[in-house]
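Be aware that the sequence shown starts at -18, since it is given in this note's numbering, and climbs by one per residue. Report on one structure; see the data block that follows.
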Amino acid sequence: LSSMNLSQCNFVGDRVMALIGQHCVSLTSLNVSKCENISSRGVAAFTRNGKCRCLQYLNLSFCPDVKDLALLAISEFGFDPGLAELNLRGCPDITEIGVDWLSSKVTSLTCLD
């Protein structure tokens, strides 16, 4: 499995993000936009499991509980070849601090929305 679109799925939350991170080792694209049960904790669990290193596209748009700590987890993960696109539109608690973490560590990023 290389691409997964779970946009607007009400059942998708932090636990599902952890399971995806643990089991979907070939994933290059993940869209979980408008999954209101995903928080920074779920994004951290996704990266902490350390098996989705191939991810190049991540859409977290309109996940209201995704905050700067999610960006810290993403910036410390070390995607290979590297995360190229990240969508955070509609995440009201993302600040300059989180964007700073991303820009300093995720040099592969070509698109940030």
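Backbone N, C-alpha and C fix where the C-beta goes; we use that ideal spot for every residue, glycine too. Keep in mind the model is a prediction, meaning the values are calculated, not measured.
Nonlocal neighbours in the same chain, by C-beta distance under 8 angstroms from residue i, ignoring five residues either side
i	result
Lys32	Gly2, Gln3, His4, Cys5 and Val6
Ser56	Trp82, Leu83, Ser85, Lys86 and Val87
Ser(-12)	Asn12, Val13, Ser14, Lys15, Cys16 and Asn40
Gly59	Arg34
Three-way DSSP call (helix, strand, coil) for residue i in this model
i	result
Leu93	strand
Glu17	coil
Ser56	helix
Ser85	helix
Leu11	strand
Per-residue burial, residue i [other beta carbons within 10 Å of its own, 16 or more giving buried]
i	result
Asp94	exposed
Asp49	buried
Ser(-17)	exposed
Ile72	It should be pointed out that residue 72 corresponds to Cys in this sequence rather than to Ile. Buried, by the Cβ-count rule.
Asn40	buried
Thr28	buried
Asp46	buried
Closest by C-alpha distance to residue i, when choosing among the options
i	options	result
Cys44	Thr91, Ser21, Thr76 and Leu64	Ser21
Other residues of its chain near residue i: CB distance less than 7 angstroms, five sequence neighbours each side excluded
i	result
Asn30	Ala(-1), Gly2 and Gln3
Nonlocal neighbours in the same chain, by C-beta distance under 6 angstroms from residue i, ignoring five residues either side
i	result
Gly63	Ser89
> Hey, which unbroken runs of the alpha helix (DSSP H) at 4 residues or more fall wholly within the region 25 to 83?
Replying inline: 49 to 58
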